[in-house]
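Residue numbers (UniProt numbering): 1 to 218. Worksheet: one structure, shown below.
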């Protein structure tokens, strides 16, 4: 059998994609413009504490357009007059280059998933045929169409084939590839993909007062 054991996407990624799709389906998805996509993941390098999220509405000079300014700041460092803050946009720009590879890694194996499914179905079909053949030769033996010796010989051959096929089937099951997953991540836009990436792969983001950003993956 071909090597098809590589996971397509993790259960955590799949569940996160599902949540985003459900929000869209019921009309509740608006992009969550006033919420943080890095919830509980931003830490201050100076003191080690969580950084707070802030979203302000600002208006550009000589323009009626209002935009959201999203940032993170450390309460402790702020109180001690040594502010540590970072724009959400800067963190997103650092992560963006990774999204393309993340998407590719989780969609390239679509053919393997389909092949895995087809091989499994073919094995089940062959096992079913062998079961039918066992029943046929048994009935032929009972009707004295074939001798006991011929029946036992044929039965042994069929059972040996079944054992091999069932062994292959167990190998496929142990690989645990979920064929429902391969297309879900493909339909996400950049924002949705970013949310899945952050939720499933990023453990924490450490920000220093100098503006350095360290992304720690799980």
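Cβ coordinates follow ideal geometry from the N, Cα and C atoms, glycine included.
request  = Look up residue 40 in the DSSP assignment and say whether it is helix, strand or coil.
outcome  = coil
ask   = How would you write the range of the beta strand (DSSP E) that residue 204 sits in, first residue to last?
value = 202-207
ask   = What residues match up with residue 50 in a beta bridge as DSSP calls it?
value = 43
query = Between residue 53 and residue 115, what straight-line distance do the alpha-carbon atoms span, to the nearest angstrom?
reply = Taking the straight line joining both Cα atoms gives about 45 angstroms.
request  = Give the straight-line distance between the Cα atoms of residue 142 and residue 103, rounded to the nearest whole angstrom.
outcome  = 60 angstroms
inquiry  = Taking the straight line between their C-alpha atoms, what separation do you get for residue 50 and residue 42?
reply    = Distance between the alpha carbons of residue 50 and residue 42: 6 angstroms.
message = Check whether the region 189-209 and the region 79-89 touch, using three or more Cβ-Cβ pairs below 8 angstroms as the test.
response = yes
message = For residue 217, report the span of its beta strand (DSSP E) as first-last.
response = Unbroken beta strand (DSSP E) run through residue 217: 213-217.
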